Every structure is written in C-alpha cells, then in structure tokens.
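Working notes, structure below.
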Amino acid sequence: MTDRKLLSMAAEAMANSYSPYSRFKVGAAIECTDGKVFSGCNIENSAFASTMCAEAAAIAVAVSAGERNFKRIAIISEGNTYCFPCGSCRQLLIEFAPDLEVLSARADGRYVSYSLSSLLPMAFGKEHMSNL
Ligand code: THU
Numbered sequence: 000m001t002d003r004k005l006l007s008m009a010a011e012a013m014a015n016s017y018s019p020y021s022r023f024k025v026g027a028a029i030e031c032t033d034g035k036v037f038s039g040c041n042i043e044n045s046a047f048a049s050t051m052c053a054e055a056a057a058i059a060v061a062v063s064a065g066e067r068n069f070k071r072i073a074i075i076s077e078g079n080t081y082c083f084p085c086g087s088c089r090q091l092l093i094e095f096a097p098d099l100e101v102l103s104a105r106a107d108g109r110y111v112s113y114s115l116s117s118l119l120p121m122a123f124g125k126e127h128m129s130n131l
C-alpha cells in the first residue's frame with residue numbers, strides 16, 4: 000500500500016473524530032504486516048482525562064481483532080503542523096512494534112516519516128522487567 004493510500008485512510012477516520020472540547024480532529028490508520036489496516040479517531044470526553052487519542056483507538060481495534068504485528072502508522076490532523084503521536088501513544092505503539100514507521104501528515108497533505116524508535120529512544124519494554 001502506498002503512503003498516500005494509508006494517509007487517506009487516516010483522513011477518512013479523522014472525519015469521525017469526536018472532539019467537541021479541543022476541536023482538534025485527528026485520524027490514524029495502522030497497517031499490519033499481513034496488509035490489513037485498522038483506523039481510529041480521537042474520542043474526547045467531558046471528563047478530559049478519559050479522552051482517547053486516534054492512535055490509541057486504532058491500535059485498540061487492531062489488537063482486539065487479533066493483530067499484533069504492525070509495520071506502519073499514518074497520523075493526520077486538521078492542523079498546519081505535522082501531527083506526531085503523544086508520549087503515551089508512542090509507548091502504546093512500541094509495545095507491539097519497535098520497528099514501526101510513523102507517517103505524520105499536515106492538513107495540506109504534506110507528510111514526514113520517522114521510525115518509532117527515533118521518536119521514543121531508550122523506551123521501557125518487557126525486556127526491562129527482570130521478573131519475567
Ligand atoms: N490527539 C490525538 O488523537 N493524537 C495525538 O497524537 C495528539 C493528540 C488528540 C487528543 C485530543 O482529542 C486532541 O488531539 C487535543 O489534544
């Protein structure tokens with residue numbers, strides 16, 4: 000799948016964003032190694048701390064469908080700057096995909112690509128839990 004196609008799937012999910020508080024719509028589409036794609040949007044809540052990011056929504060749907068191997072995620076917002084995953088989402092993603100490629104797009108369609116490991120260096124992971 001092309002980067003553009005994955006980004007357009009993220010944009011489709013962004014249209015469903017429930018973001019009445021921030022009015023900042025975000026969409027994400029995560030591509031599995033088997034080629035399947037799962038997407039999500041941010042889902043805000045009047046109890047602000049219960050808000051879910053688009054990336055968290057996408058990975059929750061994917062893992063719930065039995066997927067655990069991912070190769071790429073596309074993230075897009077309506078903003079004029081590149082939308083990168085927040086710290087918490089970086090941690091959520093690295094649990095499953097330390098080698099994930101992260102495509103981050105602006106509203107005008109321009110995008111950049113980074114490795115997740117460069118966005119979250121020296122991450123905590125299961126290998127650090129010596130009792131396992
Ligand atoms: N948000 C995401 O969905 N993903 C990110 O990577 C950054 C932030 C959402 C959460 C909230 O609904 C809104 O953007 C403003 O923070």
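Numbering (numbering that gives the first Met the number 0), first residue to last: 0 to 131. Ideal placement from N, C-alpha and C gives every residue a C-beta, glycine not left out. Keep in mind the model is a prediction, meaning the values are calculated, not measured.
| Item | Value |
| --- | --- |
| Buried or exposed: where does F23 fall if 16 or more other Cβ atoms within 10 Å of its Cβ makes it buried? | exposed |
| Ligand 1 and F23: does the residue's C-beta get closer than 7 Å to at least one heavy atom of that ligand? | yes |
| Name, in chain order, the residues that DSSP records as bridge partners for F69. | C31 |
| What residue does the beta strand (DSSP E) around A10 start on, and which one ends it? | Here A10 belongs to no beta strand (DSSP E); instead the alpha helix (DSSP H) covers 2-13. |
| Beta carbon of E54, beta carbon of A27: below 8 Å? | yes |
| Hey, is P120 close to ligand 1, as in C-beta under 7 Å from one of its heavy atoms? | no |
| Name the DSSP bridge partner or partners of Y17? | I42 |
| In the DSSP assignment, the alpha helix (DSSP H) including E94 goes from what residue to what residue? | 86-95 |
| Can you find at least 3 beta carbon pairs, one from the stretch 8-17 and one from the stretch 67-82, that sit closer than 8 Å? | yes |
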